[in-house]
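A.B. asks: Going by this note's numbering, 377 is the number at position 152 of the sequence shown; the sequence numbering is gapless.
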Amino acid sequence: MNQHANETGRHRALLRAVPRGAVPPTSAQKVGQLIQADIDSITPDDLAHCPLGSVLNGGNSSPHGDKLAPPGEWLALADRFYDASLGAGGSSGIPLLWGTDAVHGRNNIPGATIFPHNTGLGATRDPALIRRIGEITAREVRVTGLDWAFSPSAAVARDARCAPRAFR
226 MNQHANETGR
236 HRALLRAVPR
246 GAVPPTSAQK
256 VGQLIQADID
266 SITPDDLAHC
276 PLGSVLNGGN
286 SSPHGDKLAP
296 PGEWLALADR
306 FYDASLGAGG
316 SSGIPLLWGT
326 DAVHGRNNIP
336 GATIFPHNTG
346 LGATRDPALI
356 RRIGEITARE
366 VRVTGLDWAF
376 SPSAAVARDA
386 RCAPRAFR
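(1) Shortest alpha-carbon distance to Trp373 belongs to which of Arg331, Thr268, Gly290?
(2) Please tell me whether Asp263 and Asn282 are closer than 8 Å, where the distance is taken between their beta carbons.
(3) With the cut-off set at 8 Å, would you say Leu300 and Thr369 are in Cβ contact?
(4) Val280 bridges to which residues according to DSSP?
(5) Am I right that Gly257 and Leu277 are in contact with their C-beta atoms under 8 Å? What's the rounded C-beta distance?
(6) Taking the alpha carbon of Phe375 as the reference point, which residue from Gly359, Glu360, Gly324, Pro249 has its own alpha carbon closest?
(7) In three-state DSSP terms, what is Gly318?
(8) How would you write the range of the beta strand (DSSP E) that Ala374 sits in, first residue to last?
(9) Give me whichever residues DSSP pairs with Gly330 in a beta bridge.
(10) Which same chain residues end up closer than 7 Å to Asp326 when comparing Cβ atoms and leaving out the 5 residues on each side of it in sequence?
(11) Give the single residue among Asp308, His274, Thr268 whose Cα lies nearest to the Cα of His289.
(12) Kindly indicate which three-state DSSP category Ile358 falls into: helix, strand or coil?
(13) Return the chain-ordered list of same chain residues with a C-beta closer than 6 Å to the C-beta of Ala309, the five sequence neighbours on each side being excluded.
(14) Going by C-alpha to C-alpha distance, which of Ser286, Gly345, Pro296 sits closest to Glu365?
(15) What's the gap between the Cα of Ser287 and the Cα of Gly234?
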């Protein structure tokens, strides 16, 4: 079988997997999938007219501006964003992702574990320790309803000039 026939077969299989009656996304919904807004600049209600692919909480943003918001408030807001992304209006039916920096653990949640800089942890040369820190961080991110942690990550900074997290 030639390459073209193989690609065509895969394409047909994908088309068969799409539910009948599925409405293709609009141009605005497609563009929205490429945009990530900070939770301080958008609300779940905004998703009805401004569909997005993801939101994030930057270092200074928190639910309703409450820097001491407990995990339950983070989870409630994550659920509202998720539900709104699947709701009527401008929704594409694609669930919204929520990303967060967890460079030192889920350190913007009161009571969460705070870990040292990644560079320092790497200097321990202890893979079991790093794995355990990753597991703890993942658990603490997940209980707040977020699905995407930007860090820690399995990455090697080869050139500090183009690796903004190399100092961490």
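Virtual Cβ for every residue (Gly too), placed ideally from N, Cα, C.
C.D. replies: For this structure:
(1) On the sequence shown, position 148 is the one that residue 373 refers to. Answer by Cα proximity: Arg331.
(2) On the sequence shown, position 38 is the one that residue 263 refers to. On the sequence shown, position 57 is the one that residue 282 refers to. Yes. Within cutoff.
(3) By 1-based counting over the sequence shown, the position of residue 300 is 75. By 1-based counting over the sequence shown, the position of residue 369 is 144. A contact, by the Cβ cut-off of 8 Å.
(4) Along the sequence shown, one-based indexing puts residue 280 at 55. Per DSSP, Ala262, Trp323.
(5) Reading the sequence shown from its first residue, position 32 is the one you call residue 257. Reading the sequence shown from its first residue, position 52 is the one you call residue 277. 5 Å between Cβ atoms; contact.
(6) On the sequence shown, position 150 is the one that residue 375 refers to. Looking at the Cα atoms, Gly324 is the closest of the given residues.
(7) Here residue 318 refers to the residue found at position 93 of the sequence shown. In the structure shown, Gly318 sits in coil (DSSP, three-state: anything other than H, G, I, E or B).
(8) One-based indexing of the sequence shown puts residue 374 at position 149. Here the beta strand (DSSP E) through Ala374 covers 373-376.
(9) Counting from 1 along the sequence shown, the entry for residue 330 is found at position 105. Beta-bridge pairing links Gly330 to Val328.
(10) For this step, residue 326 is matched to residue 101 along the sequence shown. Here the set comprises Gly284, Phe375, Ser376.
(11) Numbered from 1 along the sequence shown, position 64 holds the residue referred to as residue 289. Out of Asp308, His274, Thr268, Thr268 has the C-alpha closest to the C-alpha of His289.
(12) What you label residue 358 is simply residue 133 of the sequence shown in a count that begins at 1. Correct three-state label for Ile358: helix.
(13) To locate residue 309, count along the sequence shown from 1; it is residue 84. If we look at Ala309 and ignore the five residues flanking it on each side, its Cβ neighbours are Pro269, Leu272.
(14) Taking the first residue of the sequence shown as 1, we reach residue 365 at position 140. Answer by Cα proximity: Pro296.
(15) Mapped onto the sequence shown, residue 287 falls at position 62. Mapped onto the sequence shown, residue 234 falls at position 9. Taking the straight line from one Cα to the other gives about 47 Å.
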